[in-house]
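Visitor: Residue numbers (the working numbering): 84 to 233.
Input: one structure, supplied below.
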Amino acid sequence: MGVLLGSDVAITMSDKEFGLTDAEIAETKLDLEQIQELKEVFDMFDTDGGGSIDKDELQTVLVAMGVRPSEEELDRMLKQADADNSGTIEFVEFCKLMAPKLAQGCDVDEATLKEIYATIDTDNSAGISFEELSQALETICADLKEEERL
84 MGVLLGSDVA
94 ITMSDKEFGL
104 TDAEIAETKL
114 DLEQIQELKE
124 VFDMFDTDGG
134 GSIDKDELQT
144 VLVAMGVRPS
154 EEELDRMLKQ
164 ADADNSGTIE
174 FVEFCKLMAP
184 KLAQGCDVDE
194 ATLKEIYATI
204 DTDNSAGISF
214 EELSQALETI
224 CADLKEEERL
């Protein structure tokens with residue numbers, strides 16, 4: 084069993100659960116929940132289930148997200164994450180790449196989130212319909228385009 088030290092809580096988990104050693108777990112400075120979330124995302128990228136993300140898989144996911152990277156951009160992304168120069172991104176490399184982004188966290192307080200939710204939930208149904216979400220996204224996109232013109 085490996086011990087993962089979060090902020091001030093020790094979490095015990097099996098090393099084999101994520102394929103990471105104790106040292107790799109400690110190096111990421113991520114807690115169990117963050118590692119689980121990253122594993123789910125990683126598995127979406129690892130479309131062939133091979134345990135690593137290759138250039139083709141990276142491109143497939145990015146295109147599905149609406150991003151059309153050039154060959155140079157793909158190579159740069161892969162090189163940035165591929166610490167062992169294997170030509171692929173293994174889960175531990177993915178964790179190390181994403182750890183700083185997770186550490187930044189979200190600095191929006193609960194009151195602000197509630198205000199945003201209330202703004203989107205225009206019919207006050209305590210739920211956001213597809214139409215309300217679509218309208219909110221259209222408004223955001225229009226606002227962004229307006230800012231580009233200024």
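Just so it is clear, CB atoms sit at the ideal spot from N, CA and C, and this is done for glycine as well.
Less than 7 angstroms separating the beta-carbons of Leu-73 and Met-181?
Guide: The structure shown does not extend to residue 73, since the chain spans only 84 to 233, so no value can be given for it.
Visitor: Taking the alpha-carbon positions, what's the Val-146 to Thr-171 distance?
Guide: Here residue 146 corresponds to residue number 63 of the sequence shown, with the count starting at 1. Here residue 171 corresponds to residue number 88 of the sequence shown, with the count starting at 1. If I take the Cα positions, the gap works out to 18 angstroms.
Visitor: Which runs of the alpha helix (DSSP H) at least 4 residues long sit entirely within the stretch 164-214? Give them in chain order.
Guide: 174-187 and 193-203
Visitor: If you draw a straight line from the C-alpha of Val-175 to the C-alpha of Thr-195, how long is it?
Guide: The residue labelled residue 175 in the question sits at position 92 within the sequence shown. The residue labelled residue 195 in the question sits at position 112 within the sequence shown. Their Cα atoms are separated by approximately 34 angstroms.
Visitor: Count the other CB atoms, across all protein chains shown, that sit within 10 Å of the CB of Lys-220; report buried if there are 16 or more and exposed otherwise.
Guide: Here residue 220 is taken as the residue at index 137 of the sequence shown, counted from 1. Looking at the sequence provided, one finds Leu at residue 220 rather than Lys. The residue in question, Leu-220, is exposed, as its Cβ has fewer than 16 Cβ neighbours within 10 Å.
Visitor: Tell me where the alpha helix (DSSP H) around Lys-112 begins and ends.
Guide: Numbered from its first residue, the sequence shown carries residue 112 at position 29. Careful: Lys-112 lies outside any alpha helix (DSSP H) and carries neither H nor E.
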